[in-house]
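Comments concern the structure below.
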C-alpha cells in the first residue's frame, strides 16, 4: 500500500512504511480574511510566504485552496498553484469543491498531484473521477454521500469501498485513492474518535489503501484543543492513518508526528528526531543570544 | 474483558469500556535514595505524602514497592501497604520480585489487589500463581521467560498466551491476568514501539485480556522524553492498552490519558475533561491572586 505523488522534481511516498506525511493546510482563504482579500486582488505574497514557512516547518506536501465567494475560482486556483510551484518543490493537494476549479488547477500543475476531493455522491464521482484519470492524479475520497455523514462506521466504510471500486472502474489504481473517514467534533458526537479509528483500521486492513483526515475538527468546542488534537493524531496514526491535512507550524502537531515516526520504527536511528532537537536547541540558543544582546543594549541606553 | 480490583471500600474496573487506569509509580525506592533511606529506617511519611499526591492527581491505583538492598523486604512491603491503605482508598499493585515479600504484602492487604508480577519462567509461574489464587488477587504477566526478552512479537505473544493458560490451570480467571508486553527503549531497539503495539492488539483480540506497561522506558536515552512518552501512551491506548504504571504528577501523561478517554468515547459528555480544565483554571486563578497579593505586600514594604 503506497500512494506516490510528485512535483516536477520531487516524489513523496505515502504509506505505513514511510514517515507520516503532513500536508500543510494554511493556503486556504476560508476563515482568513486578509488572505482572501489579497488573493481576490491577485496578490500572492502571503501565499508565497505561507508555502515557504510550512515547508520549512516540515510539511512534505501543501494543500492549495482558492475558494473565495464571487471570485473566479478556476483562474485563482490555477494561478495560486503556479505561484506555489515556483517557490517550493513539494507536491500539492489541489483543493476545491468546484469541479471547474479542480480542472483548471490540474491543467496548471506540474507533476502528479493529489485532488481534494471526491465524495460517494454519484454526481461527484462521475464528474471528478474522469478528471483524476485524465491528469494521472491521486484523489482523496470522503466517506459521505447524498444521505450525509453517517454515525455508523460500517456505513462510512461501505461508502469508502464504493469510492475505491468506482475509481478502479475509471482505470485509477486503488493505491491512488486516499480515504478521509471524516473527523466529527467529539464534543458533539461522543463516538467521533472511536468511529474514525475503526474506519481507518478497516480501510487499511480490508481495502489496503491509505487514509487521511483534517486534525482540528475533532476538538471543536472543547478546551485545550492542542492536547486533544495531538492525542487524536497519535491514536489515528496508531490505527493506521498515514497522512493528514494540518498545520505544521503548530509545534505539538509537528512533534507528535515526529515522535510517532520514531515509535513506528520508520525514523532510521531516530535521525530526524535527534536532528529536530538540535535545530530546536540551536533556535533557543540563538534567541538567548538575541535576548542578551537586547539586555546589554538596554543597559547602555 | 474486564479486570476488577478493589480496596476494602472501592472497586476499580479495568477494560476497554472504562476510563484508562493510571497506576501511580512513585512509591518505589528504586532510584529514589531519600525514600529508600527513610523506608529502611521505618519512616513512612514520604510514602503517605506520595500516596495522597498521586491519588489527588488522578491515579486510580497505586503501585507499592519496597525493594531496598539488605532490608527485610517482606516486613517493609507489608507495612508500606498497611500505611498506604490508611491514607488512601484506591486498590494497590503489590510490587516485588521476592516471592516472600509478595506473600507478606498479600496477607497484609485489605481487598482484591493486583500482583506485580509473574513472568513466563517456569519457576516463577509455579511460585507466584498459587499465591495469586490463594489470595483471590489479579496478576500482571510479563511477556519474557528463561530465554530473556525476544524481539519477535510472535514469541512474546506466545509467552503471554502461556501465562494466561497456566493461570487458568491454577483456577485463576483469565480476566484476572493483565499482560505486560514489555516496552524496550526505542532508541536502542528500532521496532520497540511497533512490536509493543502489535502484541497489545493481538493480546486483546486473540486472548481477550487486558494489557499494561511502564511508560517511561520507551524513551530512555532520547531527548524530549515527555513528547515521546505521551505519544507512545496515546498510540498504545489506541492499540488497546487499558492501564499503565506511570507518574500521574506528570501533566503531559495525565492530560494525554484524559484526552484519550474523550477520544475513545468513555468520558461521558466530556465531563472529566471539562472538570480538569476548570480545576486547572481555578489553580491559575488562585496563583494569580497570590501573585497580586505578594506584589501589593512588596509595594507596602
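Residue numbers (the numbering used here), protein chains in the order written: chain V, 1 to 301; chain E, 1 to 301. Quick reminder that beta carbons are idealized off the backbone N, C-alpha and C, glycines included.
* Neighbour flag for residue 182 of chain V against chain E, beta carbons, 8 Å -> Indexing the first chain from 1 puts residue 182 of chain V at position 182. Cβ-Cβ to chain E under 8 Å: no for residue 182 of chain V.
* Asked: Below 8 Å, can you find three or more Cβ-Cβ pairs linking the region 247-264 of chain E to the region 45-63 of chain E?
  -> yes
* Any C-beta of chain E sitting closer than 8 Å to the C-beta of residue 223 of chain V? -> Indexing the first chain from 1 puts residue 223 of chain V at position 223. Yes, residue 223 of chain V counts as interfacial toward chain E.
* Asked: Under the DSSP definition of a beta bridge, which residues are partnered with residue 195 of chain V?
  -> The residue given as residue 195 of chain V occupies position 195 in the first chain. None; residue 195 of chain V has no bridge partner.
* How would you write the range of the alpha helix (DSSP H) that residue 105 of chain E sits in, first residue to last? -> Numbered from 1 along the second chain, position 105 holds the residue referred to as residue 105 of chain E. Note, residue 105 of chain E: alpha helix (DSSP H), 99-108.
* Asked: Do residue 222 of chain V and residue 253 of chain V come within 8 Å of each other at the CB atom, strictly closer than that value?
  -> Residue numbering aside, residue 253 of chain V sits at position 253 when the first chain is read from its first letter. Residue numbering aside, residue 222 of chain V sits at position 222 when the first chain is read from its first letter. Not a contact, by the Cβ cut-off of 8 Å.
* Quickly, what does DSSP pair residue 61 of chain V with across the bridge? List them, please. => As a first step, residue 61 of chain V is located in the first chain; it is residue number 61 there, counting from the start. DSSP, once it has assigned bridges, lists V/23 as partnering residue 61 of chain V.
* Host beta strand (DSSP E) of residue 13 of chain E (start-end) -> Position 13 of the second chain, counted from the first residue, corresponds to residue 13 of chain E. From DSSP, the beta strand (DSSP E) with residue 13 of chain E extends over 11-14.
* Kindly say whether residue 235 of chain E, judged by its beta-carbon, lies nearer than 8 Å to any beta-carbon of chain V. => Reading the second chain from its first residue, position 235 is the one you call residue 235 of chain E. Chain V, which has a Cβ nearer than 8 Å to the Cβ of residue 235 of chain E, makes this yes.
* To do: Please check if any C-beta of chain V sits within less than 8 Å of the C-beta of residue 227 of chain E.
  => Translated into positions along the second chain, residue 227 of chain E becomes position 227. Yes, its Cβ sits closer than 8 Å to a Cβ of chain V.
* Asked: Along chain E, which residues have their Cβ under 8 Å away from the Cβ of residue 211 of chain V?
  -> Counted from its first residue, the first chain places residue 211 of chain V at position 211. Ordered by position in chain E, no residue passes the 8 Å Cβ test against residue 211 of chain V, which lies about 14 Å from the chain.
* Asked: Rounded to whole angstroms, how far is the Cβ of residue 41 of chain E from the Cβ of residue 68 of chain E, which I believe are closer than 8 Å?
  -> Start at 1 with the first residue of the second chain, and residue 41 of chain E comes out as number 41. Start at 1 with the first residue of the second chain, and residue 68 of chain E comes out as number 68. Actually they are not in contact, since the Cβ atoms of residue 41 of chain E and residue 68 of chain E sit about 10 Å apart, beyond 8 Å.
* To do: Would you verify that the beta carbon of residue 256 of chain V is, or is not, closer than 8 Å to some beta carbon of chain E?
  => Taking the first chain and counting its residues from 1, the one referred to as residue 256 of chain V is at position 256. So, interface residue.
* Asked: Does the beta-carbon of residue 301 of chain E have 16 or more other beta-carbons within 10 angstroms, so that it is buried, or is it exposed?
  -> Position 301 of the second chain holds residue 301 of chain E. Note that residue 301 of chain E scores 48 on pLDDT, short of 50, meaning its location in the model is unreliable; the coordinates nonetheless yield the value given after this. Classification for residue 301 of chain E: exposed.
* Find the residues of chain V that neighbour residue 214 of chain E, judging by a C-beta separation of less than 9 Å, and give them in chain order. => As a position in the second chain, residue 214 of chain E is number 214, starting the count at 1. Going along chain V, no residue has its Cβ under 9 Å from residue 214 of chain E, so there is no contact; the nearest lies around 15 Å.
* Would you be able to state if there are at least three C-beta pairs under 8 Å between the region 5-19 of chain V and the region 110-117 of chain V? => yes
* Asked: Of all Cβ atoms in chain V, is any one closer than 8 Å to the Cβ of residue 100 of chain E?
  -> To locate residue 100 of chain E, count along the second chain from 1; it is residue 100. No, because no Cβ of chain V sits closer than 8 Å to the Cβ of residue 100 of chain E.
* Can you tell which of V/265, V/30, V/201 has the C-alpha that lies nearest to the C-alpha of residue 238 of chain E? -> If you number the second chain from 1, residue 238 of chain E lands on position 238. If we check each option's Cα against that of residue 238 of chain E, V/201 comes out closest.
* If you measure beta-carbon to beta-carbon, which residues of the region 174-199 of chain V are closer than 7 Å to chain E? -> 186, 187, 190, 191, 193, 194, 197
* To do: Report the rounded CA-to-CA distance for residue 159 of chain V versus residue 143 of chain V, giving the unit in angstroms.
  => Residue 159 of chain V sits at position 159 when you count from the first residue of the first chain. Residue 143 of chain V sits at position 143 when you count from the first residue of the first chain. Distance between the alpha carbons of residue 159 of chain V and residue 143 of chain V: 5 Å.
* Supposed close pair residue 266 of chain E, residue 138 of chain E - CB separation, criterion 8 Å -> Sequence index remark: in the second chain, residue 266 of chain E carries index 266 (1-based). Sequence index remark: in the second chain, residue 138 of chain E carries index 138 (1-based). No, residue 266 of chain E and residue 138 of chain E are not in contact; Cβ-Cβ is about 20 Å, not under 8 Å.
* **alpha helix (DSSP H) runs wholly inside the region 157-210 of chain E, at least 4 long, in chain order** => 192-202
* Given residue 145 of chain E, which residues of its chain have a CB within under 7 Å of its CB, disregarding the five upstream and five downstream residues? -> Numbered from 1 along the second chain, position 145 holds the residue referred to as residue 145 of chain E. Closer than 7 Å at Cβ, skipping near neighbours: 119, 120, 121, 159.
* Asked: Does any CB atom of chain V fall closer than 8 Å to the CB of residue 263 of chain E?
  -> Here the question's residue 263 of chain E lines up with position 263 in the second chain. Output row for residue 263 of chain E: interface = yes.
* To do: Compare the C-beta of residue 238 of chain E with all C-beta atoms of chain V and state if any pair is closer than 8 Å.
  => Your numbering for residue 238 of chain E matches position 238 in the second chain. It does: the Cβ of residue 238 of chain E has a partner Cβ on chain V nearer than 8 Å.
* Under 9 Å by beta carbon: chain E residues contacting residue 77 of chain V -> Numbered from 1 along the first chain, position 77 holds the residue referred to as residue 77 of chain V. Chain E residues near residue 77 of chain V: none, gap ~34 Å exceeds 9 Å.
* Asked: Whose CA, out of V/275, V/78, V/167, lies closest to the CA of residue 178 of chain V?
  -> Taking the first residue of the first chain as 1, we reach residue 178 of chain V at position 178. Checked all of V/275, V/78, V/167; the closest Cα to residue 178 of chain V is V/167.
* **Simplified DSSP state of residue 68 of chain V, which is helix, strand or coil** => As a first step, residue 68 of chain V must be located in the first chain, where it is residue number 68. Reduced to three states, the DSSP call for residue 68 of chain V is coil.
* What residues in the region 142-164 of chain E have a beta carbon less than 7 Å from any beta carbon of chain V? -> none
* Asked: Are any of the Cβ atoms in chain E nearer than 8 Å to that of residue 270 of chain V?
  -> Position 270 of the first chain, counted from the first residue, corresponds to residue 270 of chain V. Judged by the 8 Å Cβ criterion, residue 270 of chain V is in contact with chain E.
* Is the CB of residue 232 of chain V under 8 Å away from at least one CB in chain E? -> Here residue 232 of chain V is taken as the residue at index 232 of the first chain, counted from 1. Cβ-Cβ to chain E under 8 Å: yes for residue 232 of chain V.
* Report all residues from its chain with a CB closer than 7 Å to the CB of residue 150 of chain V; omit the five preceding and five following residues, and keep chain order. => On the first chain, position 150 is the one that residue 150 of chain V refers to. Correct list, in chain order: 156.
* To do: Taking residue 277 of chain V as the query, report the chain E residues whose CB atoms sit under 9 Å from its CB, ordered along the chain.
  => In the first chain, the residue the question calls residue 277 of chain V occupies position 277. Within chain E, the residues near residue 277 of chain V are 222, 223, 224.
* Rounded to whole angstroms, what's the CA-CA distance from residue 153 of chain E to residue 197 of chain E? Just pull it up for me. => Locating residue 153 of chain E in the second chain gives position 153, counting from the first residue. Locating residue 197 of chain E in the second chain gives position 197, counting from the first residue. Rounded to whole angstroms, residue 153 of chain E to residue 197 of chain E spans 9 Å at the Cα level.
* Asked: residue 260 of chain V versus chain E: which residues are under 8 Å apart at the beta carbon?
  -> Position 260 of the first chain, counted from the start, is the residue given in the question as residue 260 of chain V. Here the neighbours are 231, 235.
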